[in-house]
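A.B. asks:
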Amino acid sequence: MEQYRASRQYDDENGALDAQLHSQTMRTVGFEVWQMVSPWRDAILINARNLALGMTVFRSPRLPDCEMRRAEILVEARDKLALRLEKAGLL
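Under this note's numbering, read the sequence shown as residues 4 to 94, first letter to last.
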């Protein structure tokens with residue numbers, strides 16, 4: 004049993020509340036991405052890695068070789084993820 008309770012009076016000023024909200028949001032996004040099935044999940048994960056680097060470095064052998072088909076799958080994946088995030092209350 005705790006004998007004390009830490010004050011949270013400055014958490015809005017020092018960024019602790021923002022960090023907590025960001026952490027929970029990212030956990031929810033990660034959960035929703037991992038609930039998607041391949042090839043859409045793979046397209047989202049590869050795209051996220053490439054966006055983080057600012058250039059196309061990663062490719063998945065699970066995605067088609069045809070660049071147009073990969074682009075179509077990515078658009079479908081983004082649409083599916085947007086629907087999932089909307090249902091989760093994030094959009």
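Note that CB positions come from ideal geometry on N, CA and C, so glycine has one too.
If you're wondering where the values come from, they're calculated on a predicted model, not measured in any experiment.
#1: Taking buried to mean at least 16 other C-beta atoms within 10 Å of its own C-beta, is Ala51 buried or exposed?
#2: Could you check where the alpha helix (DSSP H) with Met71 kicks off and where it finishes?
#3: Apart from the five residues on each side of it in sequence, which residues of its chain come closer than 8 Å, Cβ to Cβ, to Asn53?
#4: Could you have a look at Arg26 and say whether DSSP puts it in helix, strand or coil?
#5: Are the CB atoms of Arg87 and Met29 nearer to each other than 9 Å?
#6: Skipping 5 residues on each side, what residues in its chain have a beta carbon closer than 7 Å to that of Thr31?
#7: In its own chain, which residues sit with a C-beta less than 8 Å from the C-beta of Arg73, not counting the 5 before and 5 after it?
C.D. replies: On the basis of the coordinates in this document:
#1: Within the sequence shown, numbered from 1, the residue matching residue 51 stands at position 48. By the 10 Å Cβ count, Ala51 comes out exposed.
#2: Counting from 1 along the sequence shown, the entry for residue 71 is found at position 68. Where Met71 is concerned, the enclosing alpha helix (DSSP H) stretches over Glu70 to Lys90.
#3: For this step, residue 53 is matched to residue 50 along the sequence shown. Cβ neighbours of Asn53 beyond the five flanking positions: Thr59, Val60 and Phe61.
#4: If you number the sequence shown from 1, residue 26 lands on position 23. Looking at the sequence shown, residue 26 is not Arg but Ser. Of the three classes helix, strand and coil, the one that applies to Ser26 here is helix, per DSSP.
#5: Locating residue 87 in the sequence shown gives position 84, where the first residue counts as 1. Locating residue 29 in the sequence shown gives position 26, where the first residue counts as 1. No.
#6: Position 28 of the sequence shown, counted from the start, is the residue given in the question as residue 31. Cβ neighbours of Thr31 beyond the five flanking positions: Ala91 and Leu93.
#7: Position 70 of the sequence shown holds residue 73. Once the five neighbours on either side are set aside, the close Cβ partners of Arg73 are Ala46, Leu66 and Pro67.
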